[in-house]
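Student: For the protein sequence lines, the chains are B and E, in the order given.
Residues 211 to 387 in the working numbering are what the first sequence spells out, letter by letter.
Residues 178 to 456 in the working numbering are what the second sequence spells out, letter by letter.
The beta-carbon is built from N, C-alpha and C at its ideal position, and this holds for glycine as well.
In this text, all values refer to a predicted model and were calculated from it rather than measured experimentally.
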Amino acid sequence: MQKLKEIELPITKEEIVRLRAGDEVLLSGIVFTARDQAHKRLCECIEANKPLPININNSVIYYCGPTPHKKGKPIGSCGPTTAKRMDEFTPVLLSRGLSAMIGKGSRSKEVISAIKKYKSVYFIAPAGAGAYLAKKVKEAKIAAYPKLGPEAIYRLKVKDFPAIVGIDSKGRNIYEN
Amino acid sequence: MRRIKAKEIENKVCEAALKANFELRKDVLRSLGIARNKETVPIAGKMLDILIENAKIAKKEKLAICQDTGMVVVFCRIGSKAQIIGDINEAINNGIKTAYKRGFLRKSVVRDPLKRTNANTNTPCVIHYDIISGNKIKIAVMPKGFGSENSGAVKLFNPTATEAQIKEFIISKVKEAGSSACPPVVLGIGIGGTLDKAASLAKEALLRQIGSRNPKKHIALLEKEILYALNKTGIGPMGLGGKTTCLAVNILEYPTHIAGLPVCVNISCHALRSAEVII
Ligand code: SF4
């Protein structure tokens, strides 16, 4: 059994290159949620050369559309959604300095080569365990696209958020081990 | 005739929808525990532990088991001696609406499949009606997540197809789905009838208790064989490897036409959620 690596976000390039597919990590710091519609909008901004509503550089994106939060709780149930639906948008975001992603499931060849090219990393979070992961989120604020409801971009402060390295900066893929 | 007010149906549907989203079915939880004890791959064991812990937290804090609180499928069986006062369609949909609002559940239903504006109510739901004997109404509410829903398939086999071909088709669908369907999965399979009948049987099969078997011996055997084969694939919880890929295979069958053999597999993730009420 490997020992858990604790990682403070933003993650540095040195830390990224040390990670191997299959490593278990605990993430603490800031992540931004974004799923289908937010990705589409971010990439439209980039294409039109408009400023992005969030700073992508050195950031982590979490593919997640949480349930609404109750009074007094930062967030509702908040597990990962299927990453491959974001594949067509990911290489562009990586080229803009996105350092890591968190989601579930495998990625396309194009994404894997972009991960290698930009020395980034793709983490997998336990899927269908949204109530468990809600406990790891300490703060949540809407950062962009509030009209999208669950698909808005939220800025989350997480503490000891459990994840596994799915694809590392050398392009090694846990699903092919 | 027994008179039942639509409002009562609405309230019960609301209760059932909340329960389904917060409390993992006992049979599902039990089977996760059994799988946990048998699992030998460390990462798989850890994932199963997280799922069991997740179910506990969800129930205690009344938090959705999974953030994809689904599109809701309702099976409504109305006793022929029950008379409904009011509009039952409206009652069921209102019950779901209230539950999703009150329970802080995610609204995932879009009004139009192509224009895709969120309805913000998580309705309409998909309702299957049936008439049964007696004077009661039995309603099962099943919020269905789409990671796994998208992984299902229908195949219209030739009537001469072998059981081996059917098995291969079903196993290939689970393999293709991989981690997207959030394994360990539960399979609902409909065999026979028409295209639509096979599909609704597949969905209904997911309501059957885990651990139960189809009363027909040859079908029960098929269930067992598919389950065994799937747990040999090594896909494992979350697709990260392990012995636990499938918790149960439930098949419902129906007579069919001499020229056909429809087979539908409806995949459910480990977050197989449903709750039943009897009015
Ligand atoms: S497939 Fe099931 S467990 Fe996975 S995200 Fe969807 S609803 Fe949740």
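According to DSSP, is residue 319 (chain E) part of a helix, a strand, or is it coil?
Tutor: Counting from 1 along the second sequence, the entry for residue 319 (chain E) is found at position 142. Strand.
Student: In its own chain, which residues sit with a C-beta less than 6 angstroms from the C-beta of residue 180 (chain E), not counting the 5 before and 5 after it?
Tutor: Position 3 of the second sequence, counting from 1, holds the residue named residue 180 (chain E). So the qualifying residues of the chain are 260, 262.
Student: Measuring CB to CB, does residue 236 (chain B) end up less than 8 angstroms from residue 256 (chain B)?
Tutor: Taking the first sequence and counting its residues from 1, one reaches residue 236 (chain B) at position 26. Taking the first sequence and counting its residues from 1, one reaches residue 256 (chain B) at position 46. At a Cβ-Cβ threshold of 8 angstroms, residue 236 (chain B) and residue 256 (chain B) do not count as neighbours.
Student: Using C-beta distances below 7 angstroms, list every residue in its chain close to residue 198 (chain E), excluding the 5 sequence neighbours before and after it, in chain order.
Tutor: The residue given as residue 198 (chain E) occupies position 21 in the second sequence. The answer, listed in chain order, is 241, 242, 246, 280, 282, 320, 450.
Student: What residues in its chain sit with their C-beta under 6 angstroms from that of residue 349 (chain B), if we drop five residues either side in the sequence?
Tutor: Numbered from its first residue, the first sequence carries residue 349 (chain B) at position 139. Closer than 6 angstroms at Cβ, skipping near neighbours: 284, 367.
Student: Find out if the Cβ-Cβ distance for the pair residue 348 (chain E), residue 438 (chain E) is shorter than 8 angstroms.
Tutor: Here the question's residue 348 (chain E) lines up with position 171 in the second sequence. Here the question's residue 438 (chain E) lines up with position 261 in the second sequence. No.
Student: Throw me the rounded Cβ distance for the residue 445 (chain E) and residue 383 (chain E) pair, which I believe falls under 8 angstroms.
Tutor: Within the second sequence, numbered from 1, the residue matching residue 445 (chain E) stands at position 268. Within the second sequence, numbered from 1, the residue matching residue 383 (chain E) stands at position 206. The Cβ separation is near 5 angstroms, so the contact holds.
Student: Could you tell me the distance, in whole angstroms, from the CA atom of residue 370 (chain E) to the CA atom of residue 262 (chain B)?
Tutor: On the second sequence, residue 370 (chain E) is found 193 positions in, with the first residue counted as 1. On the first sequence, residue 262 (chain B) is found 52 positions in, with the first residue counted as 1. Near 53 angstroms, if we compare the C-alpha coordinates of residue 262 (chain B) and residue 370 (chain E).
Student: DSSP state of residue 132 (chain E), grouped into three classes?
Tutor: The first residue shown for chain E is 178 and the last is 456, placing residue 132 (chain E) beyond what the model contains.
Student: I'd like the span of the alpha helix (DSSP H) that includes residue 351 (chain E), first residue to last.
Tutor: On the second sequence, position 174 is the one that residue 351 (chain E) refers to. 340-354 is the extent of the alpha helix (DSSP H) around residue 351 (chain E).
Student: So is residue 378 (chain B) buried or exposed if we call it buried at 16+ other beta carbons inside 10 Å?
Tutor: Your numbering for residue 378 (chain B) matches position 168 in the first sequence. Residue 378 (chain B) comes out buried.
Student: Quick one: what's got a C-beta closer than 6 angstroms to residue 317 (chain E)'s C-beta in the same chain, skipping five residues either side?
Tutor: As a working mapping, residue 317 (chain E) is identified with position 140 in the second sequence. Correct list, in chain order: 252, 384, 451, 453.
Student: Would the C-beta of residue 255 (chain B) count as close to ligand 1, meaning under 7 angstroms from any of its heavy atoms?
Tutor: Mapped onto the first sequence, residue 255 (chain B) falls at position 45. Because no heavy atom of ligand 1 lies under 7 angstroms away, the Cβ of residue 255 (chain B) does not count as near it: no.
Student: So, is residue 284 (chain E) buried or exposed, given that buried needs 16 or more other C-beta atoms within 10 angstroms?
Tutor: Within the second sequence, numbered from 1, the residue matching residue 284 (chain E) stands at position 107. Counting Cβ neighbours within 10 Å, residue 284 (chain E) comes out buried, since at least 16 surround it.
Student: Quick one: does residue 374 (chain B) have its CB under 8 angstroms from some CB of chain E?
Tutor: Taking the first sequence and counting its residues from 1, one reaches residue 374 (chain B) at position 164. Yes, residue 374 (chain B) lies at the interface with chain E (some Cβ there is under 8 angstroms from its Cβ).
Student: Does chain E have any CB closer than 8 angstroms to the CB of residue 273 (chain B)?
Tutor: For this step, residue 273 (chain B) is matched to residue 63 along the first sequence. No, its Cβ sits nowhere closer than 8 angstroms to a Cβ of chain E.
Student: Measuring straight from C-alpha to C-alpha, what distance separates residue 188 (chain E) and residue 442 (chain E)?
Tutor: As a working note, residue 188 (chain E) is residue 11 in the second sequence. As a working note, residue 442 (chain E) is residue 265 in the second sequence. Approximately 32 angstroms, taken between the alpha carbons.
Student: So which residues on chain B does residue 295 (chain E) lean against when the C-beta distance must stay under 9 angstroms?
Tutor: Here residue 295 (chain E) is taken as the residue at index 118 of the second sequence, counted from 1. The answer, in chain order, is 358, 359, 360, 361.
Student: For the alpha helix (DSSP H) holding residue 210 (chain E), just list the boundary residues, first then last.
Tutor: Your numbering for residue 210 (chain E) matches position 33 in the second sequence. Start and end: 203-215.
Student: What does residue 279 (chain B) touch in chain E if you count any residue whose Cβ is under 9 angstroms from its own?
Tutor: Counted from its first residue, the first sequence places residue 279 (chain B) at position 69. The contacting residues are 281.
Student: Mind checking the stretch 325-338 of chain B against chain E and listing, in chain order, the residues whose C-beta falls within less than 8 angstroms of any C-beta there?
Tutor: Taking 8 angstroms as the Cβ-Cβ cut-off against chain E, the residues of the stretch 325-338 of chain B that qualify are 334, 336, 337, 338.
Student: To which residues of the same chain is residue 287 (chain B) closer than 7 angstroms at the C-beta, ignoring the five residues directly before and after it?
Tutor: As a working mapping, residue 287 (chain B) is identified with position 77 in the first sequence. Same-chain partners within the cutoff: 276, 277, 340, 341, 344.
Student: In the DSSP output, what is residue 238 (chain B) paired with across the bridge?
Tutor: Residue mapping note: residue 238 (chain B) aligns to position 28 of the first sequence, counting from 1. Answer is B:218, bridged to residue 238 (chain B).
Student: Which residues in chain E sit within 7 angstroms of residue 276 (chain B), going by Cβ to Cβ distance?
Tutor: What you label residue 276 (chain B) is simply residue 66 of the first sequence in a count that begins at 1. 244, listed in chain order.
Student: Does the beta carbon of residue 271 (chain E) sit closer than 8 angstroms to a beta carbon anywhere in chain B?
Tutor: The sequence position of residue 271 (chain E) within the second sequence is 94, counting from 1. No, residue 271 (chain E) does not count as interfacial toward chain B.
Student: Taking C-beta pairs closer than 8 angstroms, name the residues in chain D that residue 415 (chain E) reaches, listed in chain order.
Tutor: Absent here is chain D; the protein component of the structure consists of chains B and E.
Student: Within 10 angstroms of its Cβ, does residue 411 (chain E) collect 16 or more other Cβ (buried), or is it exposed?
Tutor: Taking the second sequence and counting its residues from 1, the one referred to as residue 411 (chain E) is at position 234. By the neighbour-count rule (16 or more Cβ atoms within 10 Å), residue 411 (chain E) is not buried but exposed.
Student: With a threshold of 7 angstroms, establish whether the CB of residue 422 (chain E) neighbours any heavy atom of ligand 1.
Tutor: In the second sequence, residue 422 (chain E) corresponds to position 245, counting from 1. Answer for residue 422 (chain E): no, Cβ out of range of ligand 1.
Student: May I have the straight-line CA-CA distance separating residue 305 (chain E) from residue 364 (chain B), to the nearest angstrom?
Tutor: In the second sequence, the residue the question calls residue 305 (chain E) occupies position 128. In the first sequence, the residue the question calls residue 364 (chain B) occupies position 154. Distance between the alpha carbons of residue 305 (chain E) and residue 364 (chain B): 37 angstroms.
Student: Which chain B residues are close to residue 235 (chain E), counting only those with a beta carbon under 7 angstroms from its beta carbon?
Tutor: By one-based count along the second sequence, residue 235 (chain E) stands at place 58. Ordered by position in chain B, the residues that pass the 7 angstroms Cβ test against residue 235 (chain E) are 341.
Student: Residue 254 (chain B) to residue 248 (chain B), Cα distance in whole Å?
Tutor: Residue mapping note: residue 254 (chain B) aligns to position 44 of the first sequence, counting from 1. Residue mapping note: residue 248 (chain B) aligns to position 38 of the first sequence, counting from 1. So the alpha carbons of these two residues sit roughly 10 angstroms apart.
Student: Mind the definition here: the stretch 309-323 of chain B touches the stretch 213-229 of chain E only if three or more C-beta pairs lie below 8 angstroms; say whether that holds.
Tutor: The stretch 309-323 of chain B vs the stretch 213-229 of chain E: no contact.
Student: Answer with yes or no whether the minimum CB distance from residue 349 (chain E) to chain B is below 8 angstroms.
Tutor: As a first step, residue 349 (chain E) is located in the second sequence; it is residue number 172 there, counting from the start. No, residue 349 (chain E) lies away from the interface with chain B (no Cβ there is under 8 angstroms from its Cβ).
Student: Looking at the structure shown, is residue 308 (chain B) part of a helix, part of a strand, or coil, going by DSSP?
Tutor: By 1-based counting over the first sequence, the position of residue 308 (chain B) is 98. Coil.
Student: Following a CB-centred definition, is residue 382 (chain E) positioned closer than 7 angstroms to any heavy atom of ligand 1?
Tutor: Stepping through the second sequence from its first residue, residue 382 (chain E) is reached at position 205. No, the Cβ of residue 382 (chain E) stays beyond 7 angstroms of every heavy atom of ligand 1.
Student: Could you tell me whether the Cβ atoms of residue 301 (chain E) and residue 361 (chain E) are closer together than 8 angstroms?
Tutor: Counting from 1 along the second sequence, the entry for residue 301 (chain E) is found at position 124. Counting from 1 along the second sequence, the entry for residue 361 (chain E) is found at position 184. No, the pair does not count as a contact, with Cβ atoms beyond the cut-off.
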